[in-house]
Each structure stands twice: as C-alpha cells, then as structure tokens.
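Novice: Chains as they are written, first to last, in our numbering: chain A, 1 to 113; chain B, 114 to 225. Take a look at this one; I'll ask things after.
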C-alpha cells in the first residue's frame, strides 16, 4: 500500500550541480504534481501533468524541468541547482476527476550549498 | 495575489477544547474546498472537504463550515487532542484546470 513514493528523502547539492527527484504512484492516478514548500509560503505548484504524455507549468517553474515517464512516474529535474531552490519538494497524484483530493508523498528535503 | 489566505500562522489550544482554523478566498467561482493536515517529515494528507452547495460537512471530530457570502471557511476540531498538533492547509481546485491552490497553512498546537 505504498501510495506515492519519492526518492531520495534527503539530498545536499553544491550550487551548479544537477539532480533528478523521482516520484512514483501505484494508485493508477491520471494526474501528478510537483510542489515546493517553503516557510510561510505554503505549497507552491512547480509543474503538473494532467495525464500521461502532458506536462504544464505551475506557479514557480523556473529552474526546473519535468518528465512524465509513464502513468506511474513523474520526475523533477534541477539542471543547475541554486541556493534559492533549497526547499522541501512534494510529489502528489490525483485520480483526475475534478474535486478529488490529491495524495502526497513524504517529500524530499533538498539543500543547495 | 493570494487567492486563498490563512491569516493565522499558528494557534495553541488546550486539550479537550475547540480548535477553529480559518481560511478566506477571493474567487466566488470556487465551488469545492478541502482541508489537509501535515505532520513534520510527512506529506499532507486529505482531511475533509465541502462543496459549495453545502454550508457544513462533518466527519467525526472535524467539521468544516462554509460561508459563501463572506468567502470564508473554517475547520472546527472538537474535542482537540494532542495528536491533532500539525499544520493545516486549506486548498481549492482551480476552476477549469488541474491545479490546486493552497493556503499558507496554520500550525496547530494542542497542549496536554
């Protein structure tokens, strides 16, 4: 009963390094999301994928890329990490029907030095 | 421009008393509202929701109230328990999109 699984749980990078955060869901959900959470800012949407084969920008997409590899997996890539990208990153999925709640992973805590 | 606002960053309540968490929104077209609960080092989990055709929805100790004219919703927890200590987010599905809009969260501390 895994739900949404994110890897890794923690990562420290140096400025300029690249990194891919992995997310997989086993609930056969259509839509998937990447958020970042910063103190006092709530959850801000980076990118989302309404269905397999589509991706769209959210509120704060700059500095990130995504890949919807298949229905289960949605990855987030930082090509050249910056200290401003230090955050906790959450992946979520949803069945796809409007008003259905999202299911979240436990997050990846990323520090950029 | 924040479409969903939680103006209280934190709240402390004695065990057994009522906790009231508030959320305001700006768009009168929003028709569905959700509350999520988040413990440290975990992802948010869905708690309770309400449709705009209702003004109240109850689930055990949790009740959400919706005041459409004031564009305000509140989450009541009665009685509050120490295990309720968490950050609570209100969220709204964006109209016509797959996006959700989250408030900034309220940290609830229930004191034993």
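Backbone N, C-alpha and C fix where the C-beta goes; we use that ideal spot for every residue, glycine too. Bear in mind that the values here come from a model prediction, so they are computed numbers and not experimental data.
(1) Compare the C-alpha of residue 111 of chain A against each of A:59, A:55, A:37 and name the closest.
(2) Report buried or exposed for residue 8 of chain A, applying the criterion of at least 16 other Cβ atoms within 10 angstroms of its Cβ.
(3) According to DSSP, simplified to helix, strand and coil, what is residue 137 of chain B?
(4) What residues in the region 142-154 of chain B bring their beta carbon closer than 9 Å to a beta carbon of chain A?
(5) Is the region 73-84 of chain A touching the region 16-23 of chain A, taking contact as three or more C-beta pairs under 8 Å?
(6) Using a Cβ-Cβ distance under 8 Å, would residue 47 of chain A count as near chain B?
(7) Can you list, in chain order, the residues of the region 96-109 of chain A whose Cβ is nearer than 9 Å to any Cβ on chain B?
(8) Roughly how many angstroms separate the alpha carbons of residue 150 of chain B and residue 195 of chain B, rounded to a whole number?
(9) Whole-angstrom Cβ separation of residue 128 of chain B and residue 224 of chain B, contact assumed at under 8 Å?
(10) Would you say residue 176 of chain B faces chain A, with C-beta separation under 8 Å as the test?
(11) Might you give, ordered along the chain, the residues of its own chain that have their beta carbon closer than 7 Å to the beta carbon of residue 172 of chain B, omitting 5 neighbours on each side?
(12) Can you list the residues of chain A that residue 218 of chain B reaches, using a CB-CB cut of under 7 Å?
(13) List, in order along the chain, the chain A residues whose C-beta lies closer than 8 Å to that of residue 198 of chain B?
(14) Please confirm if residue 195 of chain B has its CB atom under 8 Å from at least one CB of chain C.
(15) So that I know if they touch, is there some Cβ in chain A lying closer than 8 Å to that of residue 125 of chain B?
(16) In the DSSP assignment, the beta strand (DSSP E) including residue 65 of chain A goes from what residue to what residue?
Specialist: Reading it off the structure:
(1) A:37
(2) exposed
(3) strand
(4) 144, 145, 147, 149, 151, 154
(5) yes
(6) no
(7) 96, 98, 99, 100, 101, 102, 103, 104, 105, 106, 107, 109
(8) 14 Å
(9) 6 Å
(10) no
(11) 161
(12) 42
(13) Under the 8 Å cutoff, chain A gives no residues; its nearest Cβ is about 18 Å from residue 198 of chain B.
(14) Any reference to chain C falls outside this structure, whose protein chains are A and B.
(15) no
(16) 64-68
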